[in-house]
Each structure stands twice: as structure tokens, then as C-alpha cells.
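Written out below as C-alpha cells is the structure these notes cover.
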Amino acid sequence: MSGVISGFTVIFLVVALGYVLGRTGSLGEHASSVLARVVFFVCTPALLIHSLATSDLSVIFSSTLAVASASALIVGGAYALIAWLWLRRGIPEIVIGALSSSYVNSVNLGLPIAIFVLDDASFIAPLLLFQIVFYSPVALATLDLTALSGPRRTSTLRTVLTPLKNPILVGGVIGLVISLVGWTPPQAVMEPLDMLGQASVPLALLTFGLTLTGVAVFKKGESPRRDIALASVMKMAVMPAVAYALARWGFGMTGHALFAQVVIAALPTAQNVLVYATRYQRGEVLARDSALITTLLSIPVIALVAATLA
């Protein structure tokens, strides 16, 4: 449990700093949008290139990848269906909500928990690969096509080329290719990538804190309460249950392996979702409040999982 407490303490301190900076206006009124762009266009692509280029692909392509990806797709798809049929939301809001219900905080909280609770950081690598190489690019391509304003022609060629212009996808593909071919880039190239990549998580957390300034969770008239409640329940209750079912009865996992899969699924919504929502200016309150609520709920949920499965 000390690893869980340590991981959450790190998150809350950095978010709190962002909140204080927002309250004092130290970074200016446009700080959150500027930082979100830095994370989106610079730091996260650098993180993906460095992380994947230095990863062991034999560890990544495993049953953990199958459970993590299937859980996310099932839960995200279920949210999208409910939001479309019941809540009658537009596609951009559905995409942000689906990510809020299934996109796991795999770096700034996932890594500390994998190291200190699961005693094996390799459990996070498959999830990271799925989210950055497939899940994010597909969601961002959808947002590119449906959320960006301004005149544009919709064509088959444009639909095909849109994902190729996304820095998240470009960074993930470059890192994966480097790892596949077994090439080690020069240290003079890897060190700047590592330095920029390490800035991704704290900047995303600072952005999260900045967006909390002057707002209240579930605020009447401003907050899409049903969307947030649905995303939070799907993330903290349905996704761990789906992961348990897939790991236990789909892949025959027991013991520590089963425990690890459920803990990974019980991680809260990643702050990356808020960065994406800010970038496209759709579903920002949904992403922000879902991340905050699931982060708070994940403490007792992971404690319960540890008490029953560890």
C-alpha cells in the first residue's frame, strides 16, 4: 500500500502546484492551453519515441497486452454506445467520454504502482504500447475529422492522411520502428528525447491543476453530470471487472498475474485525455472532472483489489 500512497502523493502535489499557479495567475490566463500544446506537440511524442525505442518487445507483446487492450476497447465501446443512444452526444464528446472511461493513467501513477505494488514495471509496458500506438491515434484521428472547426474538404485521401499528421502517432511509430529494427540511436539524440519526454507527465499534471482554478466538480449548468458519472463508473467499476473476467476466464490467470491485471485496469483516467480535450476544445469539463473523480476513487478501489486479490 505504501507504493499506492506514494504514487498518489506525487500526483496530488504537482496538481496542487498547478492549481496554486492558476489561482495566482503566475503563468497568465492562457497558460493551460499553451502547456497542453507543449505536451501534445513536443513532450509526449518525445516520450513515446524514447520509451518504445528502449523497450523489450518480447515483454510488450504478451497476454497482458491482450487483456489491457480488450478491456479498454470493451469499456470504451460500451460508453460510446450508451452516450450515443441515451445521452445523444456528438462524436467529439463521445470520443472524449470513451477515453475518460477507459484510458488508463499508465505513466505518472501506473509506473510507481507497478514498481512498488506489483514489483514489476513490465506490466505497464504493454498497456503503454496499446494506448500510444493504437488507442490514442484512432481517437485523435476521429477528433481531427469531427472536432476541428473551419472550412475543409472531406475526402478519402484526407481521411487516410489525417492520422499521419498527428504527433502522437508519429512519435509512437518512430519509437516502435526503432525498437523493431534493433537500432540504438546516438546518445546525443536519445538524451534530448529523454529530457523532453520526462517533462510530459509533470506538465500534463500542471495543466490539470491549472484547469481546476475557479471551477467546481459537478457544477450545475456547466458540468455534464450524467456523462461524468457514466465515465467514472465505467472506469472504476466496470473496467476492473472486465479485466478480471478476461484475465481469469479468458487467459486462465491466477495469483499475482491476475492481481496485476485488475490493478492496472483500476488505475484512474489519464491526464492525457484532458490534454486532448483542451487541444480540440471539446469535452474539457468531462475530461477534467472524470480525471479528478477517478483519481480520488482509485485509492479505495485499488486498496480493495489489493485486500482481496494480493
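Position in the sequence shown counted from 1, then plus 9, gives you the numbering used here.
No residue lacks a Cβ here, since even glycine has one placed at the ideal position from N, Cα and C.
Residue environment, residue i, which counts as buried when at least 16 other CB atoms sit within 10 Å
i, result
"residue 65", "exposed"
"residue 190", "exposed"
"residue 293", "buried"
"residue 35", "exposed"
"residue 160", "Any answer about residue 160 is weak, because its pLDDT of 49 lies below 50 and its placement is not dependable; what the coordinates show is given next. Exposed: under 16 other Cβ atoms inside 10 Å."
"residue 136", "buried"
"residue 213", "buried"
"residue 204", "exposed"
"residue 210", "buried"
"residue 195", "exposed"
"residue 263", "exposed"
Residue of the options minimising C-alpha distance to residue i
i, options, result
"residue 142", "208, 312 and 70", "70"
"residue 287", "35, 43, 111 and 74", "43"
"residue 289", "37, 46, 310 and 32", "46"
"residue 78", "207, 139, 311 and 146", "139"
"residue 250", "274, 232 and 87", "274"
"residue 175", "255, 152, 253 and 195", "152"
"residue 188", "23, 37 and 57", "57"
"residue 281", "114, 266, 253 and 252", "114"
"residue 148", "315, 314, 253 and 107", "107"
"residue 181", "271, 91, 63 and 24", "63"
"residue 206", "49, 17, 26 and 30", "49"
Residue i - DSSP class collapsed to helix/strand/coil
i, result
"residue 24", "helix"
"residue 76", "helix"
"residue 317", "helix"
"residue 126", "coil"
"residue 303", "helix"
"residue 160", "With a pLDDT of only 49 at residue 160, under the threshold of 50, the placement of this residue in the model should not be trusted; the figure read from the coordinates follows. DSSP places residue 160 in coil when its eight states are reduced to three."
"residue 263", "coil"
"residue 148", "helix"
Sub-9 Å separation of residue i and residue j beta-carbons
i, j, result
"residue 311", "residue 103", "no"
"residue 245", "residue 111", "no"
"residue 127", "residue 269", "yes"
"residue 72", "residue 260", "yes"
"residue 285", "residue 133", "no"
"residue 101", "residue 155", "yes"
"residue 88", "residue 219", "no"
"residue 303", "residue 278", "yes"
"residue 119", "residue 276", "yes"
Note down, one range per segment and in chain order, each alpha helix (DSSP H) of at least 4 residues found wholly within the region 189–253. 196–207, 209–220 and 234–242
For the region 22–108, list the alpha helix (DSSP H) runs that are entirely contained and at least 4 residues long, ordered along the chain. 40–47, 53–62, 66–69 and 72–91
Which runs of the alpha helix (DSSP H) at least 4 residues long sit entirely within the region 269–294? Give them in chain order. 281–289
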